[in-house]
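In this text, residue positions in the sequence shown follow this note's numbering: the first is 1375, and each later residue adds one.
One structure is given here, and the rest of the page talks about it.
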Amino acid sequence: MAVIKNFIISETDGGRLDKTLAVLMPEASRSYLQKLIEQGLVTVNGKPADKKTKVIPGDGISVVMPDNVKPAIEPENIPLDIVYEDGDLLVVDKPKGMVVHPAAGHYSGTLVNALLYHCGDSLSGINGVERPGIVHRIDMMTSGLLIVAKNDFAHKSLAEQIKAHSFTRKYEAVVVGNLREDSGTVNAPIGRHPTDRKKMAVTEKNSREAVTHYDVLGRYSGSIGTFTHVRLTLETGRTHQIRVHMAYIGHPVACDPVYGGTKQQFACCEGQCLHAREIGFIHPKDGRSLYFSSELPEYFHAVLHKLAHSVQ
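Right, dumping it as structure tokens:
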């Protein structure tokens, strides 16, 4: 049965229909949404519209999402930036914009498609056929390091390290506003948002412990606005943890379309400015301590450059 989603454009939304839908439905790809529009499955105020239609606050959007038969996940020859690899695991530096594993609207071009081509059958099967080898994830618009397990033994060992909080993960981000303290900790449980099931939230209901530590690396205040460059260390690894925690303390990750704020905060980049910079763990087989670091990508440097040159 088809799923119908209805939205009312708020004061902070609006603009081209396809771009607005990408913000309202971040779980779907832009190309998938554009196909729905082309097929007449998206209406504005009850009338079919094209992707360039301008929507304004108060407009009603209806999206019909037809049932999809999940296609087989195919290997794809997509280049991978492999930081480390051996017979048990590999560490990959994922680019911004790449989805980690297949889901609705993203059945090709994902990290898993690339891994299947590179590794063949040598990926752990603990997370099923749609997530082979995937021990932990980062969001589509987050760049940086993540680890992939080639067998179930390695997968279990790495998952246990994450559970025991001995798996090191450090990120860098640009967040909105000026953090008062040079360092701090956000200790607030995270669970599903009470009204929006696509989002996470700080909540006491059906939640799990979540702890994020932050350190300020730089501060910027200029014509674009006030922003802070921070290093974030995860003690736990909940879905959207950094994005939820920073929004919770009033400093959302810059350009975050889900947990962000006003349009002005999107002036410096496209998609959240968040990079998985460092990762550390114990090798499952030989017990070595391994630690890897990723250089800040070009888009991140571009944001910092823009902010630095906007200072008044």
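From the three backbone atoms N, C-alpha and C, an ideal C-beta is built for every residue, glycine too.
| query | result |
| --- | --- |
| With H, G and I counted as helix, E and B as strand and the rest as coil, what does DSSP make of residue 1597? | coil |
| Please state whether DSSP places residue 1394 in a helix, a strand or coil. | helix |
| Using DSSP's beta-bridge definition, name the partner residues of residue 1566. | 1574 |
| Specify whether the region 1544 to 1564 and the region 1643 to 1653 touch according to this definition: at least 3 beta carbon pairs, one from each stretch, less than 8 Å apart. | yes |
| Tell me the DSSP bridge mates of residue 1665? | 1654 |
| I'd like the ranges of any beta strand (DSSP E) spanning at least 3 consecutive residues and lying wholly in the region 1499 to 1537. | 1517 to 1523 |
| State buried or exposed for residue 1685, treating a residue as buried only when at least 16 other CB atoms are found within 10 Å of its CB. | exposed |
| From residue 1377 to residue 1438, what distance separates their C-alpha atoms? | 6 Å |
| Within the same chain, show all residues whose beta-carbon is closer than 6 Å to that of residue 1589, passing over the 5 residues directly before and after it, in chain order. | 1557 and 1605 |
| Using only CA atoms, which one of 1524, 1518, 1527 and 1525 lies nearest to residue 1666? | 1518 |
| According to the neighbour-count rule (16 or more other Cβ atoms, all chains shown, within 10 Å of its Cβ), is residue 1634 buried or exposed? | buried |
| Please work out which residues of its chain come closer than 7 Å, Cβ to Cβ, to residue 1498, disregarding the five sequence neighbours upstream and downstream, and give them in chain order. | 1506, 1507, 1523, 1524, 1525, 1526, 1528 and 1529 |
| Along the chain, where does the alpha helix (DSSP H) that runs through residue 1617 open and close? | 1615 to 1622 |
| With DSSP run on the structure shown, which of helix, strand or coil describes residue 1381? | strand |
| Using the beta-carbon count (16 or more within 10 Å), is residue 1683 buried or exposed? | exposed |
| Could you spell out the range, first to last residue, of the alpha helix (DSSP H) harbouring residue 1680? | 1672 to 1682 |
| Would you say residue 1447 and residue 1487 are within 8 Å of each other, going by their C-beta atoms? | yes |
| Ends of the beta strand (DSSP E) at residue 1458? | 1456 to 1459 |
| Only counting the same chain, and skipping five residues up and downstream in sequence, which positions put a Cβ closer than 7 Å to that of residue 1421? | none |
| Of the choices 1655, 1380, 1678 and 1654, whose alpha-carbon is the least far from that of residue 1628? | 1678 |
| Residue range of the alpha helix (DSSP H) that residue 1543 falls in? | Premise fails: residue 1543 lies in the beta strand (DSSP E), 1542 to 1550, not in any alpha helix (DSSP H). |
| So residue 1405 is in the alpha helix (DSSP H); what residue range does that whole segment cover? | 1404 to 1412 |
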